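Just so you know, the sequence shown maps onto residues 106 to 289 in the working numbering.
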Amino acid sequence: MALKATIFKAELQIADMDRNYYRDHTLTLARHPSETDERMMVRLLVFALHAHEALIFGKGLSTDDEPDLWQKDLTGAIEIWIDVGLPDEKRIRKACGRARQVFVYSYGGRVAEMWWNQNSGKLERIKNLAVINLPLETSSAMARLAQRGMQLQCTIQDGQVWVGDTENSVQVERVTLMQPRLSV
């Protein structure tokens with residue numbers, strides 16, 4: 106018998122002063138049986154960082170044809186494709202061919218560093234790709250916020266990000282490994 110996803114509910118209040126985005130989101134996250142709390146919470150964090158009315162969670166781990174999060178325009182064209190973790194270079198190239206902008210959020214400490222060292226040379230020519238690494242301290246702290254029913258606040262100001270609940274707060278560190286070189 107196949108294992109079923111575990112359902113998590115999140116009430117997420119976002120105050121993004123950098124983008125002038127202030128909204129509350131009621132989210133349902135299906136945690137795949139092979140997914141950790143750390144990865145699920147990184148997906149939630151990435152949602153907050155890119156929050157938009159059209160941004161939705163994709164099937165991610167359970168399919169190769171969808172990202173962890175994506176945003177489409179009214180015609181169905183993919184504006185933003187976001188993968189969390191350490192996707193292979195072939196998957197990233199395919200995503201970059203399908204979407205206007207692609208973001209990869211890596212995490213995992215030393216393993217993420219090794220992944221970047223193996224792939225950076227192959228990815229450097231892609232113009233619509235951004236790669237951001239979350240240090241192990243950040244992703245581990247995010248995992249400690251995981252609960253089946255969460256009420257979280259995310260504040261973004263001057264590039265600084267804080268996520269917390271009523272008892273704990275995490276200052277999110279992000280290291281940009283690669284920025285997109287999109288022509289306007």
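Even glycine gets a Cβ: it sits at the ideal position worked out from N, Cα and C. All values derive from a computational prediction rather than experimental measurement.
Within the DSSP bridge table, the entry for I112 names A135 as partners. Judged by DSSP in its simplified three-state form, T260 adopts strand. Between V275 and G269, the gap from beta carbon to beta carbon is short of 8 angstroms. Contact between H155 and L179 does not hold, since their C-beta atoms are separated by about 18 angstroms, which reaches or exceeds 8 angstroms. Residue burial is scored here from C-beta neighbours: L239 has at least 16 other C-beta atoms within 10 angstroms and is therefore classed as buried. Annotation for G269: the continuous beta strand (DSSP E) segment containing it runs Q265 to G269. Excluding sequence positions up to five before and after L282, its CB lies within less than 8 angstroms of the CB of S211, W221, S225, V236, I237 and N238, all in the same chain and listed in chain order. Under the three-state reduction of DSSP output, L179 falls in the coil class, being neither helix nor strand.
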